[in-house]
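Okay, structure first, notes after.
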Amino acid sequence: MPKWNKVNGRVFGITRWMIPSSPRKVLEALHHEGFEAYLVGGCVRDLILDRVPKDFDVITTAGLTQVNKLFRRSRIVGRRFPICMVHIQGTITEVSSFDTTAKHSEGKEITAHSQIPKKCDKKDLIRWRNSMERDFTINSLFFDPFSNVIYDYAEGMADLRSLKLRTLIPASLSFKLDCARILRGLRIAARLGLSISKETETAIRKFSPSITSLDKFRLMMELNYMLSYGAAVPSLYLLQRFNLLEILLPFHAAYLNEQGINKSSLSSVMLMKLFFNLDKLVSCARPSNCNIWVALLAFHLALVNNPQNSLIVLAFAATLYHGEWNEGVNYARAKSLVEINLRPEITRSAEFKSENELAEGVTCFALNVQGCIAALTSADCLLEAMSTFPASSNSGLVFVSKKAARDVANIFEVLVNDVESYKDKRKNFEVDYKQLGNGGFLRENRYVLGKVILETLEGAILQGNENILDSNQNLGIDAPTKETSNSPVADLVQEQLVKKIRKFGNCHLFLKLS
1292 MPKWNKVNGR VFGITRWMIP SSPRKVLEAL HHEGFEAYLV GGCVRDLILD
1342 RVPKDFDVIT TAGLTQVNKL FRRSRIVGRR FPICMVHIQG TITEVSSFDT
1392 TAKHSEGKEI TAHSQIPKKC DKKDLIRWRN SMERDFTINS LFFDPFSNVI
1442 YDYAEGMADL RSLKLRTLIP ASLSFKLDCA RILRGLRIAA RLGLSISKET
1492 ETAIRKFSPS ITSLDKFRLM MELNYMLSYG AAVPSLYLLQ RFNLLEILLP
1542 FHAAYLNEQG INKSSLSSVM LMKLFFNLDK LVSCARPSNC NIWVALLAFH
1592 LALVNNPQNS LIVLAFAATL YHGEWNEGVN YARAKSLVEI NLRPEITRSA
1642 EFKSENELAE GVTCFALNVQ GCIAALTSAD CLLEAMSTFP ASSNSGLVFV
1692 SKKAARDVAN IFEVLVNDVE SYKDKRKNFE VDYKQLGNGG FLRENRYVLG
1742 KVILETLEGA ILQGNENILD SNQNLGIDAP TKETSNSPVA DLVQEQLVKK
1792 IRKFGNCHLF LKLS
């Protein structure tokens, strides 16, 4: 039987002043009106692990109608699991109600009554019932910012210390109830370097085909969380490991299979290097927009179907990066003198190209990239692209929206229309993360794409017989086994957690409620 525990938040250096202004104001307003209000879920987990939360979710004893009346700019959304979205200072805080869980739980038994300690009060029972509706133990924690207490009803803290991903209820039942939990679990495991319990891993493999039942918007959202927040490489690896990539991105899954991707060969694959360099630029605190990873997938698909010599690709990327054709050409000619080891996508520049020939080559390649976006939006175009890998399976699933496709195509438009006259020279070579996260700033998207591609190319420049960048350690990922995870991410997270526990001592870490 899981032990019910409460933890002093100060053990992990957590106080309410660590909470950003907007969600803190929501919490304080609810508390002032006499309601209980807690942070819940992934934000509590991330605060404990010294990670920057993607967002801050609040749960309260107030009903959603009461929450909606309390805040001037708010609205209730959702049918099955409604929440109130509160707008403060340009930030949205999602507020849920314990009442919603109580109504949803009517008429069904969440778990055995034997899990309820004999001595527990009504508040504990309400929090426990809510926690049992959640996906993973490490996401079932509540933080009371006013008493500075973390409540743990499912041994989530123990799983955090061992960095293990485990479902709250039997994994097969959990994924049958909500198959989106599969993608969410892999995303969390990738970001934090978690091991996956044997039961959870077995259930993921069993229920992975069920993700095709999710709507396209949900799939796009989950992939964006995986690829835009600094953990794209481990996310892609886990999707490949559990045969989910061949459902979600069948062309790129087939490419990785043909390359014979495994633990030892991962770092030599261009697709992974592209996303490795994107991961270096972005994080939960500074994410990119979906246009970046969609553009990278289309760019890579174009190269697989039609390999290019290094001069063309260098000029293509350098023009995006510098915002000017002449600067891009000068950079490309200087770098094309050395060999870039990214086969089969990149071939060696064996012959000189005039300015006009180079411009024509870049324009043709940009048109090719634009055309390849369709393989991510149209099942028919995907089928055509998959002819490159006739022996590979094709799920026929596409989920990138037409709008996103148009936005990505516009990124490359400057390389299509009179590229030689393109001049939008960049004065500042720092990433503007506000513009990058927004997605509507083509100039910033071009710069970041150019930067990612150039760093990928430069990382593959041969020196003698060895690559400058050619090791799994450089990619920051190791292949996890069923019950272990030795990735550098996991080691760093665990080291930070151990330091906190040692600093404050273990003796008063857990105050048992059971």
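Residues in the sequence shown are numbered from 1292 upward in steps of one, following this note's numbering. Even for Gly, the Cβ is constructed at its ideal location relative to N, Cα and C.
Asked                                                                                                                                                                    : Found
Using the Cα positions of E1275 and E1721, report the straight-line distance between them to the nearest angstrom.                                                       : Past the edges of the chain, shown from 1292 to 1805, lies residue 1275, and the structure says nothing about it.
Can you check which of these residues, A1445, C1375, M1511, A1576, is closest to L1338 by C-alpha distance?                                                              : A1576
Taking the alpha-carbon positions, what's the T1351 to A1606 distance?                                                                                                   : 55 Å
Does the beta-carbon of T1610 have 16 or more other beta-carbons within 10 angstroms, so that it is buried, or is it exposed?                                            : buried
By the 10 Å Cβ neighbour count, where 16 or more other Cβ atoms means buried, how is W1308 classified, buried or exposed?                                                : exposed
Would you call the stretch 1673 to 1688 and the stretch 1543 to 1551 in contact, with 3 or more CB pairs under 8 Å?                                                      : yes
Among L1535, L1569, V1707, S1431, which one has its Cα closest to the Cα of N1296?                                                                                       : S1431
Checking 8 Å against the spacing of the C-beta atoms, do R1301 and N1439 come in under that value?                                                                       : yes
Decide yes or no for the touch test of the stretch 1721 to 1739 against the stretch 1576 to 1592: beta carbon pairs closer than 8 Å, at least 3 of them.                 : yes
Assign F1566 to buried or exposed, taking buried as 16 or more other Cβ atoms, counted over all protein chains shown, within 10 Å of its Cβ.                             : buried
Around the Cβ of V1358, are there at least 16 other Cβ atoms within 10 angstroms (buried) or fewer (exposed)?                                                            : buried
Grouping DSSP H, G and I as helix and E and B as strand, with all else coil, what is Q1599?                                                                              : strand
Do you know whose CA, among V1335, A1625, G1381, lies nearest I1305's CA?                                                                                                : V1335
Thinking C-beta only, is L1451 closer than 8 Å to I1813?                                                                                                                 : The shown model of the chain, from 1292 to 1805, leaves out residue 1813, and the question about it has no answer.
Go to V1266, then tell me how far its alpha helix (DSSP H) extends in each direction, as first and last residue.                                                         : Limits of the chain in this structure are 1292 at one end and 1805 at the other, which puts residue 1266 out of reach.
So within the stretch 1339 to 1367, which uninterrupted alpha helix (DSSP H) runs reach at least 4 residues, ignoring any that extend past its ends?                     : 1355 to 1361
Any idea if G1521 is buried or exposed, counting beta-carbon neighbours within 10 angstroms, 16 or more meaning buried?                                                  : buried
Grab me the residues of D1443's own chain with a C-beta within less than 6 Å of its C-beta, minus the 5 sequence neighbours each way, in chain order.                    : N1296, L1432
Assuming the contact rule is C-beta atoms closer than 8 Å, M1563 and E1636 should be a hit. Round their C-beta distance to whole Å, please.                              : Rounded, the Cβ-Cβ distance is 12 Å, inconsistent with contact.
Leaving out the 5 sequence neighbours to the left and right, which residues in its chain are closer than 6 Å to Q1508 when beta-carbon positions are compared?           : Residue identity differs from the one stated: residue 1508 is Phe in this sequence, not Gln. None.
Which of helix, strand or coil does DSSP assign to V1377?                                                                                                                : strand
Under 8 Å Cβ to Cβ from A1320, same chain only, skipping five residues before and after it: list those, please.                                                          : L1361, F1362
Expressed to the nearest angstrom, what Euclidean distance is found between the alpha-carbon atoms of P1500 and S1388?                                                   : 32 Å
Please list the terminal residues of the continuous beta strand (DSSP E) segment that includes L1330.                                                                    : 1328 to 1331
Spatial neighbours of K1644 within its chain, please: C-beta separation below 7 Å, excluding the five flanking residues on both sides.                                   : L1602, G1652
Classify D1426 as helix, strand or coil using the three-state DSSP reduction.                                                                                            : coil
Only counting the same chain, and skipping five residues up and downstream in sequence, which positions put a Cβ closer than 6 Å to that of S1365?                       : N1359, C1375, V1377
Between E1646, D1341, R1496, which has its C-alpha nearest N1621's C-alpha?                                                                                              : E1646
Which ranges would you report for the alpha helix (DSSP H) in the stretch 1476 to 1506 if only whole runs of at least 4 residues count?                                  : 1489 to 1498
With distances taken between CB atoms, is the gap from L1330 to V1343 smaller than 8 Å?                                                                                  : no
Given a cut-off of 8 Å, decide if F1347 and I1310 are closer than it, judged by their beta-carbon atoms.                                                                 : yes
Output the distance between the C-alpha atoms of R1496 and E1490, rounded to the nearest integer angstrom.                                                               : 10 Å
Need the endpoints of the beta strand (DSSP E) that D1435 sits in, please.                                                                                               : 1433 to 1435
Just list the alpha helix (DSSP H) runs in the stretch 1598 to 1647, keeping only unbroken ones of 4 residues or longer that don't cross its boundaries, in chain order. : 1601 to 1613, 1616 to 1626
Measure the CB-CB distance between A1494 and F1466 and report whether it falls below 8 Å.                                                                                : yes
Around the C-beta of A1625, are 16 or more other C-beta atoms found within 10 angstroms, so that it is buried, or is it exposed?                                         : exposed
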